[in-house]
Amino acid sequence: MDCRHIPKDQVLEALTSGKVNSKKSNPRSQPCPKYVVDASIGSNNKNVQAVFSACPTFTNVVTVIDKDTNWECVCP
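Per the numbering used here, residue 35 is the first one in the sequence shown, and the count goes up by one each step.
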């Protein structure tokens, strides 16, 4: 998220306002179904694709991809 300049509030926006991409999601995955969400977020309507793992008691953010910009990312 940091490498792609997508802050936490925009990830939450993608989760709450995006549309599940049923072709890329795996809702039968156990114990945590995987959902791929496509969304336009922020004031500039940035196109993102977010991957969430929906476990019974929590949801993990697997990754969030900025589909408009190919950010160079060097992780520590």
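Backbone N, C-alpha and C define an ideal beta-carbon position, used for all residues, glycine too. No experiment lies behind these values; they were computed from the predicted model shown.
Exposure of residue i, with buried meaning 16 or more beta-carbon neighbours within 10 Å
{"i": "residue 80", "result": "buried"}
{"i": "residue 47", "result": "buried"}
{"i": "residue 64", "result": "exposed"}
{"i": "residue 108", "result": "exposed"}
{"i": "residue 54", "result": "exposed"}
Neighbourhood of residue i by C-beta, 6 Å cutoff - its chain only, sequence neighbours within 5 removed
{"i": "residue 96", "result": "85, 87"}
{"i": "residue 90", "result": "none"}
Close beta carbons around residue i, own chain, < 7 Å, minus the five adjacent residues each side
{"i": "residue 59", "result": "68, 69, 70"}
{"i": "residue 101", "result": "81, 82, 83"}
DSSP bridge partner residues for residue i (one or two, in chain order)
{"i": "residue 85", "result": "70, 97"}
3 or more residues per run - each beta strand (DSSP E) lying fully within the region 48-83: Runs of the beta strand (DSSP E) inside the region 48-83: 68-75.
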